[in-house]
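Enquirer:
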Amino acid sequence: MKNLCAIVVLAFALSGCGQPRTEDAAALKKVFEKPAPGQQSTEFSEVKGVVDQAINAVSEGDLPRAIETLTVARLQQNLSDDQREAIQNVMGSVQTQLANRAEAGDVAAKEALERYRAMKRR
Numbered sequence: 860m861k862n863l864c865a866i867v868v869l870a871f872a873l874s875g876c877g878q879p880r881t882e883d884a885a886a887l888k889k890v891f892e893k894p895a896p897g898q899q900s901t902e903f904s905e906v907k908g909v910v911d912q913a914i915n916a917v918s919e920g921d922l923p924r925a926i927e928t929l930t931v932a933r934l935q936q937n938l939s940d941d942q943r944e945a946i947q948n949v950m951g952s953v954q955t956q957l958a959n960r961a962e963a964g965d966v967a968a969k970e971a972l973e974r975y976r977a978m979k980r981r
C-alpha cells in the first residue's frame with residue numbers, strides 16, 4: 860500500500876500538478892506592459908527586465924531561475940499593488956512546483972527552495 864501511495868504522489872508531481880499556471884504568467888506580463896502610476900521609466904525598465912527574465916524562466920521550465928528572478932522583482936521599490944500581486948501569484952505556483960519536484964527527489968529543486976528560504980530571511 861505504501862508503494863502505491865508513493866507511486867501516486869510521484870505521478871502527480873511529475874505530471875505537472877502545481878505547474879506554474881500560464882494565466883498567472885500572462886497576468887504578470889500584462890501588468891508590466893507599461894509603468895504603473897508614479898513609476899519612473901528607468902525604474903520600470905529595470906524591473907521589467909527582471910520580470911521578463913522570470914517569465915522566460917517559467918516558460919522554459921527553469922524553476923530555480925524563475926524563483927530567484929521573481930524574488931528580485933518582488934523586492935523592487937515602487938511596484939503597484941497589481942504588479943506585486945501578479946509577482947506573488949507566479950511565485951506561489953513556482954514554489955508549489957519546486958516543492959513537488961524536491962519531494963520527488965529533484966536535488967536542484969531542493970537547493971533552489973533552500974536558497975529562496977535563505978533570501979527570505981535576510
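Here our numbering is used: the first residue of the sequence shown is 860, the next is one more, and so on. The C-beta atom is built at its ideal place from N, Cα and C for all residues, glycine as well. Values in this document were obtained by computation on a predicted structure and should not be read as measured data.
#1: Assuming residue 977 contacts residue 953 under a Cβ cut-off of 8 Å, what Cβ separation, rounded to an integer in Å, is found between them?
#2: If we ignore side chains and look at the alpha-carbon of each, how far apart do residue 930 and residue 961 end up?
#3: Excluding sequence positions up to five away, which residues of its chain have a Cβ less than 7 Å from the Cβ of residue 937?
#4: Indicate the three-state DSSP secondary structure (helix, strand or coil) for residue 899 in the structure shown.
#5: Is residue 918 helix, strand or coil by DSSP?
#6: Mind checking which residues open and close the alpha helix (DSSP H) that includes residue 973?
#7: Using only the alpha-carbon positions, how far apart do residue 967 and residue 958 sit?
#8: For the alpha helix (DSSP H) containing residue 963, name the first residue and the last one.
Expert: Reading off the structure:
#1: Counted from its first residue, the sequence shown places residue 977 at position 118. Counted from its first residue, the sequence shown places residue 953 at position 94. Actually they are not in contact, since the Cβ atoms of residue 977 and residue 953 sit about 16 Å apart, beyond 8 Å.
#2: Residue mapping note: residue 930 aligns to position 71 of the sequence shown, counting from 1. Residue mapping note: residue 961 aligns to position 102 of the sequence shown, counting from 1. Roughly 19 Å between the two C-alpha positions.
#3: Here the question's residue 937 lines up with position 78 in the sequence shown. So the qualifying residues of the chain are 897, 898 and 902.
#4: Within the sequence shown, numbered from 1, the residue matching residue 899 stands at position 40. Note: residue 899 maps to coil in three-state DSSP.
#5: Taking the sequence shown and counting its residues from 1, one reaches residue 918 at position 59. Of the three classes helix, strand and coil, the one that applies to residue 918 here is helix, per DSSP.
#6: Taking the sequence shown and counting its residues from 1, one reaches residue 973 at position 114. Per DSSP, the unbroken alpha helix (DSSP H) holding residue 973 starts and ends at 966-980.
#7: Taking the first residue of the sequence shown as 1, we reach residue 967 at position 108. Taking the first residue of the sequence shown as 1, we reach residue 958 at position 99. Straight-line Cα distance between these residues: approximately 11 Å.
#8: Taking the first residue of the sequence shown as position 1, residue 963 is located at position 104. Counting along the chain, residue 963 falls outside any alpha helix (DSSP H), and DSSP gives it neither H nor E.
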